[in-house]
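Colleague: Take a look at this one; I'll ask things after.
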Amino acid sequence: MTTLICNRNASGGYMVLTDEHASSSYGHPVLISNGTAHGPLDLIDNGLFGCVAAKTEVLATRGLLTDHELDLLRRWRAACGSTP
């Protein structure tokens with residue numbers, strides 16, 4: 002089980018990609034924004050550009066990641082239909 006802080010939203014909070022949430026079934030990661038779990042195609046109001054698909058908030062995640070975080074990101078990208 003892994004959690005990855007992906008992005009800071011306009012209100013100063015973080016968006017978190019995790020497979021440790023009750024909405025995460027069978028190991029599929031969900032994106033938590035403002036306490037709400039989202040799948041890749043759910044729309045999120047990011048406060049800057051209006052509503053965007055949850056997958057766009059995560060696909061740009063960069064940086065030094067652990068093996069567990071990379072695996073979580075790969076599973077999210079697979080659910081989005083993107084290649085890692």
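With the numbering used here, letter number 54 in the sequence shown gets 55, and the count goes up by one each step, no holes.
We put the beta carbon where it would ideally sit given N, CA and C, even for glycine.
The structure presented is a predicted model; accordingly, all values stated were derived computationally and were not measured.
What does V31 pair with, by DSSP beta-bridge criteria?
Modeller: The partner list for V31 (beta bridge, DSSP) reads T19.
Colleague: Just the Cα atoms here: how many angstroms apart are C81 and D20?
Modeller: Distance between the alpha carbons of C81 and D20 is about 15 Å.
Colleague: I'd like the span of the alpha helix (DSSP H) that includes S71, first residue to last.
Modeller: The residue asked about is misnamed: residue 71 is Leu in this sequence, not Ser. Run containing L71: 68–81, per the alpha helix (DSSP H) assignment.
Colleague: Leaving aside the five residues before and after A114 along the sequence, list all residues of the same chain whose C-beta is less than 8 Å from its C-beta, in chain order.
Modeller: What is shown of the chain runs 2 to 85, which leaves residue 114 out entirely.
Colleague: Out of Y15, G28, M16, S24, which one is the CA nearest neighbour of T3?
Modeller: Answer by Cα proximity: G28.
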